[in-house]
Structures are given as C-alpha cells and as structure tokens.
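Notes for the one structure printed next.
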Amino acid sequence: TDQPTPKPTDEPTLQQTLPPTVPPTPFPTPNPTTPQPTKVPSPTQPAAGVPVASVIDQASTITSFGCNGVITGRIFDRTTEKYVCDRRGLLSEPTGIIVTPSHGQATVVKSLRLYTHNNCPKCDAVDYIVEGRVDPLSPWVFIAEGDFDWKDSALGRNDRGQAVSSTFELGDENLEFEEVPFSSNVQAFLEYRLLFPTTRQAGSDYLQFAELELPGWLLDMMPGQDPTSNPTDQPTPKPTDEPTLQQTLPPTVPTHELTDSPTTEPIDSTSTLPLQDIGNNGVPAEVFPLGQCQGDCDNDGECQAGLICAQRGNYEPVPGCTGHENDKSTDYCYGRLHENYLWSVGNDGVPANSFPMNACEGDCDDDSDCAGDLECFERAIRSYEPVPGCEGRGSGGEDYCYDPSL
176 TDQPTPKPTD
186 EPTLQQTLPP
196 TVPPTPFPTP
206 NPTTPQPTKV
216 PSPTQPAAGV
226 PVASVIDQAS
236 TITSFGCNGV
246 ITGRIFDRTT
256 EKYVCDRRGL
266 LSEPTGIIVT
276 PSHGQATVVK
286 SLRLYTHNNC
296 PKCDAVDYIV
306 EGRVDPLSPW
316 VFIAEGDFDW
326 KDSALGRNDR
336 GQAVSSTFEL
346 GDENLEFEEV
356 PFSSNVQAFL
366 EYRLLFPTTR
376 QAGSDYLQFA
386 ELELPGWLLD
396 MMPGQDPTSN
406 PTDQPTPKPT
416 DEPTLQQTLP
426 PTVPTHELTD
436 SPTTEPIDST
446 STLPLQDIGN
456 NGVPAEVFPL
466 GQCQGDCDND
476 GECQAGLICA
486 QRGNYEPVPG
496 CTGHENDKST
506 DYCYGRLHEN
516 YLWSVGNDGV
526 PANSFPMNAC
536 EGDCDDDSDC
546 AGDLECFERA
556 IRSYEPVPGC
566 EGRGSGGEDY
576 CYDPSL
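Here the sequence shown is numbered in the numbering used here, starting from 176 and rising by one per residue.
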C-alpha cells in the first residue's frame, strides 16, 4: 500500500516482510573518494562552544623557555610586531612558550598559525610540538607535532606593525603565514605549551616569528565535563559559589607497607605555608632564589634547589601552600608532590649526594646511576615518554631511574 498501517499489530509477524518497494541507495560506495585534508580547521562544533581565530587572547600569560631572554615578546597582539628568543648558549635546550589564556575557559585547538617576521629567514621555526594541560599540576598531554611546509623554502617577510585580521576558518590572506591543521583534536585544555625544536639554520642563535594563533573552540564547560543528556527542569537549590576548576591536591606520600595505626601528624609541615609574593624578575636580588610558596617566579631557575615554579593563570592551587584563592596568576615555587613524581636531582654525578638515585629521580646516564636493582629508563631527546611506576612527565629528554619489575 502507499500508506503505512494506521495501527501496528500487537503480535510480531511470523514471516519476514516483503522488501521495500524503493531499493536502498548503494552506500557505502564501492570506491569511496579519498580527499586530501585541507588547511582549514574542522567546522565541527563541540558541545557549547564558539569558534575563534585564536584561543589565545591578548591578555594571556606567556612564559618562554630555552631563552636567555626575550628581546621582544609580542606574540599575540594581533599585529606583526615580532617575538625574538635569544638562544645563545642554550642551543641544546628545548625552546618554546607556555601560554595561559586570561579568559580561564577551556578550549579545543584545531590548528596552529605562524606569521613570518620581517627579517632573518634562518631564524624561522621549521617544526613544532603542541601540548595542553588542564592545570599547572597536571602532566602535559600531546596534541600534535610535525614540520611546517616552509621548512624547505622560506616564505616572504611581513613588515613589522601590520594589523592581523583573521577568523577561525582563515588566516590573514594579506600576510605571509603558515598553518598546520590538527582538526581531529577534541581534547579540551586551559593552557598550552608549544615547542619549536629546530630553526631553518641549525644552530641559529635566535628564534623569531611575528604572530602566533591557535584557531579553535572556546567552550562553556571545563575539560572532562560533559553535558547531561537529560538535564533537570530546575537548577540545584544551593549551588556552590565557584566551580572547582582543578584537580584536588594529591595525597601525602603513601607508605609502601601497611601500618598498624594511622599517622596522627601531617607528614609535611609546609602544607600550611601561605603564599608570599615577594619579588619579580630577580628584584630584589636578596630574595632570589625563592623558597617554598614564594613568588613571583618565571622559571625553575628562580626557585631554590629542589623546588620548581608552578605556572598559574586562574587561581590554581599550589601544592603545600595556602591562599591561592586570593591570587589569580602569580607563579610560586613549590616542592616535589610525592616520591613517585618525576624529579630532577642531578646530572653527570653532580651533586654527589644525589647519586645513586632513587626511583623516579633523574637525570641518569646508565644503570650505575640508580640505586640497588633500579635501572635507568632512557628517553629520546625532547621526549616525554612515560616512566613505569612514576607520575608526571619530568623534563623533556631527561632519563629517570625506575623499577623494571613494575
């Protein structure tokens, strides 16, 4: 019949029904097309998000590494004023930037755009690694890596001071730029790390570019937060004042053997130290290197031995410290989270009292640098390969002692 039955039967039919009058379309096709990927970011919209030309806003916090100093640091000011990293004496160190957008919203990046600076083609970055994380205490998560198309042939130069007019879909076509897509990325993060391992001329003392963009989606929710499929009609009667943006602090150092009774005192008395903003950029000199829960640090080198610098941008907690809710973005020094957290304690036998090293400690060169039956887990240059039995990512390319039986 032309019309379906108005009321289906209560019992199933005992025989199969006749095939449909209209034959199905022949999908999938026997020879599907295989289009090449485009350089335009995927328009697929994540839940509750809007596309932006760059997830990095002009008020974002930037931290450079692998640089003696940054001569000019205008990376995302929407102009072709340039960024220059002085790499003299640090050519063996990873070079790049850590960016924390000021808006504090989770983002999903879909590509990387780099605009050429006005001179020095040999100073162009020719490859990249992009990583993200949800807070300063979490490990970096790989997003993409590869070579820029301009690796073998430099693009033209952009004069300094030109305005950059771009969208999520397109870079500024009046300027010279390179774009690499990673449209399949669906991971949401709050901050990003970009490494530029190689310049066009190997061993160039400088890394330069005019403007950097990360086209992507600005989300209304935090990483790992999914909308409910059946939301309630009414909001919760008494919501909290602020959402929890970061993971809770890790537990204190666990014991390896069961004890007869729980400990009655905290393991580390520094857990009650208040955050103290006592200096910046090495001034005043007498407070540097900074101690536990002290800031403002720019890198690990501004912290006392055994401490590292927690890069912050949105009220993130600092392990072992209190008062983070009163300070949005100052960076503070803090100690190792726990004994299984990757931590650099020495190199080439120095300092001698750090050798042989315990599990999850580095930088080891061979098994003899490790205590007892531990072995040295060797990683490739700039690699963040996980170390068995350890947490965190450690320093790129550094090797750490581990228990091979795990």
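For every residue, glycine included, the Cβ atom is placed at its ideal position computed from N, Cα and C.
Check: Pick from L312, E256 and S328 that is closest to K297, judged by C-alpha positions; Outcome: S328
Check: Alpha-carbon spacing of C468 relative to F240, whole angstroms; Outcome: 21 Å
Check: Cut-off 7 Å between Cβ atoms - residues of its own chain near I246, not counting five sequence neighbours on either side; Outcome: V259 and D261
Check: Buried or exposed (CB count within 10 angstroms, at least 16 for buried), V301; Outcome: buried
Check: T374 versus R332 - alpha carbon distance; Outcome: 16 Å
Check: Same chain, Cβ closer than 6 Å to E566, five either side skipped, listed in chain order; Outcome: N515 and Y516
Check: Three-state secondary structure (DSSP) of G331; Outcome: coil
Check: Three-pair Cβ contact test at 8 Å for the stretch 332–341 versus the stretch 272–281; Outcome: no
Check: Exposed unless 16 or more other CB atoms sit within 10 angstroms - verdict on D540; Outcome: exposed
Check: Residue span of the beta strand (DSSP E) that contains C484, given as start and end; Outcome: L482 to A485
Check: Host beta strand (DSSP E) of V305 (start-end); Outcome: D302 to R308
Check: Continuous beta strand (DSSP E) stretch holding T236: start and end; Outcome: T236 to F240
Check: Burial state of E491 (16 or more Cβ within 10 Å); Outcome: buried
Check: Closest Cα partner of F357 within the set G547, A319 and P449; Outcome: A319
Check: DSSP three-state assignment for A460, whether helix, strand or coil; Outcome: helix
Check: N293 and K326 closer than 8 Å at C-beta; Outcome: no
Check: Extent of the continuous beta strand (DSSP E) to which I273 belongs; Outcome: G271 to T275
Check: For G470, three-class secondary structure by DSSP; Outcome: strand
Check: Which of helix, strand or coil DSSP assigns to D319; Outcome: Just to set this straight, residue 319 is Ala in the shown sequence, not Asp. Strand at A319.
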